[in-house]
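Have a look at the structure below before the remarks.
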Amino acid sequence: MHVASLAVYPVKSTRALPVSTATVHPHGLEHDRRWAVVDHAGAVITARTRDRMLRISAAPTATGLHLSAPDMPDLHVPFPVGGAVVPVGVSRMPEARYGGDDAAAWCSRVLGEPVRLIWQDDPRARSVAPEHGGRDGDHVSLADTGPLLLASTASVARLNEWIAETDPDAAIPVGRFRPNVVVDDADGKLEAFDEDRWARVRIGSVTYRFTEQCDRCVLTTIDPDTLAHGKEPLRTLARHRKRAGKTWFAIRLVPEHSGTITLGDRVDVLERQSPAPE
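1 is the number of the first residue of the sequence shown in UniProt numbering; add one for each residue after it.
What follows is the structure, given as structure tokens:
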């Protein structure tokens with residue numbers, strides 16, 4: 001097996017940024033989800049409820065962040081090192097650095113409401129919760145519950161076979177699930193959802209520990225290019241991958257040490273676990 005695609009999301013819930021290589025930190029891939037947009041009360045805004053977040057493209061620079069969106073001037077946001085600290089409604093992280101008035105005005109104009117951009121200056125300040133597979137010393141960026149999300153081409157192919165049974169034109173690209181890493185195999189022997197049983201995996205030179213399967217939300221039903229809303233893939237996942245009242249696709253991993261990850265890197269399963277109960 002090998003790494004077929006890599007992506008980071010510099011601002012939580014904005015468009016994916018494909019990359020060919022990335023530095024791996026214990027808290028996740030470098031530049032992944034270190035920024036977020038919050039409302040006036042500090043609650044994190046996502047594309048689940050504001051699909052216009054998917055209009056925003058973000059790219060890291062040596063000194064901060066480059067933002068762009070249709071019909072908007074580009075904006076460079078410097079790292080707010082030593083800047084104002086504001087309260088935020090992020091689990092296990094009560095405050096963050098304020099990204100500045102220019103960034104707040106720019107994001108507010110895109111979303112059509114008063115918002116602010118925040119930056120997580122120290123990812124070690126936020127832990128992976130025990131209920132999501134975290135252990136002492138596990139840290140995470142502003143990602144929901146784990147440092148890295150992995151999916152496989154075999155699993156999305158099986159999902160699209162299921163979808164085609166009721167709607168042949170509703171195939172879902174793997175990017176809808178917003179993975180950091182997509183795994184493929186050259187000989188087609190990888191079984192769908194085999195990743196659910198990976199307890200430890202090595203990608204290139206870095207090893208990772210499984211923390212949990214990922215429960216999926218309404219964001220997967222939004223086309224990031226057109227912002228059209230639909231019923232897939234949640235409708236089909238509910239028929240085939242529903243457990244404990246939730247639907248499941250892809251897995252979360254914690255890096256066991258630092259290193260790099262690159263397109264084409266070999267993927268080896270080091271340990272397996274029992275299948276999840278139905």
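Ideal Cβ positions, reconstructed from N, Cα and C, are used throughout, including at glycine.
Listed in chain order, the beta strand (DSSP E) elements of length 3 or more contained wholly in the segment 175 to 241 are 181 to 184, 198 to 203 and 206 to 215. As the crow flies, the alpha-carbon of Asp74 is around 13 Å from that of Thr61.
Taking each of Val86, Ala192 and Tyr9 in turn and checking the Cα distance to Gly28, the smallest one comes out for Tyr9. Per DSSP, the continuous alpha helix (DSSP H) segment holding Thr153 begins and ends at Thr153 to Ala164. As computed with DSSP, Glu95 is found in a beta bridge with Pro87. Cβ neighbours of Arg158 within its own chain (closer than 8 Å, five residues either side excluded): Ala192 and Phe193. DSSP places Leu67 in the uninterrupted beta strand (DSSP E) bounded by Gly64 to Ser68. Residue pairing by DSSP puts Trp248 in a beta bridge opposite Asp215. Boundaries for Ser274: no beta strand (DSSP E) harbours it, and the DSSP string shows neither H nor E there.
Around the beta carbon of Glu232, 16 or more other beta carbons sit within 10 angstroms, so the residue counts as buried. Distance from the CA atom of Ala143 to the CA atom of Thr46, rounded to whole angstroms, is 11 Å.
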